[in-house]
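Notes follow the structure.
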């Protein structure tokens, strides 16, 4: 598959460190466009601003044309679908500063890639995330941060994986969810999603006195759950590559039940 036109997106903001890293490595080889959120939108999942609508604008990010939306990553993909008359060859979402595992539907990064496929913005999409320190997960990006700190990792690692994916025709897939462990890794493992959020993330904190709750930014350092999952790979120091599909259909059950009619009595 020949890749020429690539759309970059994500939920950390159009000028985020992760998007700018991809621009740095790809801009001399591909025709790039950015469509992403104006501000930090981590954790909004697949939400669309259907009720309130939003604003959008044109900017440049390190010499690359970009569109921003005041709303969500889903809004960004909807805007791209309406704005561009020609589809892309590939959509890259991220690199998100924070992990997105367990098929996380709360992730704007992952659901942006899913929506891109559903809208036929491109036939292939990859969501990239990095187990960055918890203080990075919801940080606001200024667009002028020094990329040198992140260039080799996760930047160069992401670039190598993009090249490998293209060379290997995405290993027969059209949607990949890739996570980088906190420390630099040179090996990647194909995985499935972890079965439960508790395999990696710490549970919600509940204060019964003040009647407030909060989400811890850390994760369990010890092995929990099953092997060959994204959580297991990350905890073992591997980059995880999870082949995905953009719907939640239980196809095996559907094929067994397809066309059957039941009566309510």
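Residue numbers (this note's numbering): 1441 to 1705. All C-beta atoms, glycine included, are put in the ideal place defined by N, C-alpha and C. Given the structure is predicted, the values throughout are model-derived calculations rather than measurements.
Determine the direct distance from the alpha carbon of residue j to that of residue i, and round the result to whole angstroms.
i            : j            : result
residue 1700 : residue 1688 : 20 Å
residue 1697 : residue 1487 : 31 Å
residue 1519 : residue 1474 : 11 Å
residue 1573 : residue 1457 : 14 Å
residue 1514 : residue 1705 : 41 Å
residue 1471 : residue 1647 : 50 Å
residue 1668 : residue 1495 : 43 Å
residue 1479 : residue 1510 : 7 Å
residue 1621 : residue 1571 : 5 Å
residue 1481 : residue 1578 : 8 Å
residue 1695 : residue 1702 : 16 Å
residue 1591 : residue 1576 : 16 Å
residue 1602 : residue 1650 : 47 Å
residue 1642 : residue 1449 : 28 Å
residue 1507 : residue 1534 : 15 Å
residue 1644 : residue 1589 : 32 Å
residue 1484 : residue 1666 : 28 Å
residue 1633 : residue 1613 : 15 Å
residue 1516 : residue 1476 : 5 Å
residue 1545 : residue 1637 : 11 Å
residue 1635 : residue 1548 : 20 Å
residue 1616 : residue 1492 : 31 Å
residue 1626 : residue 1524 : 36 Å
Is DSSP giving residue i helix, strand or coil here?
i            : result
residue 1589 : helix
residue 1528 : coil
residue 1522 : helix
residue 1630 : strand
residue 1647 : strand
residue 1607 : helix
residue 1441 : coil
residue 1460 : helix
residue 1515 : helix
residue 1597 : helix
residue 1579 : coil
residue 1556 : helix
residue 1691 : helix
residue 1602 : helix
residue 1548 : helix
residue 1561 : coil
Name the one or two DSSP bridge partners that residue i has.
i            : result
residue 1499 : 1506
residue 1683 : 1616
residue 1475 : 1507
residue 1787 : With the chain represented from 1441 up to 1705, any question about residue 1787 goes unanswered, as that position is not in the structure.
residue 1652 : 1647
residue 1449 : 1533
residue 1703 : BP columns for residue 1703 are empty, so no partner.
residue 1669 : 1632
When burial is assigned at 16 or more other CB atoms within 10 Å of the CB, is residue i buried or exposed?
i            : result
residue 1653 : exposed
residue 1555 : buried
residue 1678 : buried
residue 1522 : exposed
residue 1594 : buried
residue 1490 : exposed
residue 1441 : exposed
residue 1693 : exposed
residue 1672 : buried
residue 1532 : buried
residue 1631 : buried
residue 1691 : exposed
| When the Cβ atoms of the stretch 1519-1539 are set against those of the stretch 1560-1580, are three or more pairs found closer than 8 Å? | Contact between the stretch 1519-1539 and the stretch 1560-1580 is present, because at least three Cβ pairs lie under 8 Å.
| query | If we count Cβ pairs, one from each stretch, closer than 8 Å, do we get three or more for the stretch 1577-1587 versus the stretch 1444-1463? | reply | Look at the beta carbons and you see the stretch 1577-1587 touching the stretch 1444-1463: at least three pairs across the two are nearer than 8 Å.
| message | Closer than 8 Å is the cut-off here; do at least three beta carbon pairs connect the stretch 1670-1686 with the stretch 1534-1551? | response | They touch, by the three-pair rule.
| Is the stretch 1459-1470 touching the stretch 1499-1512, taking contact as three or more C-beta pairs under 8 Å? | They touch, by the three-pair rule.
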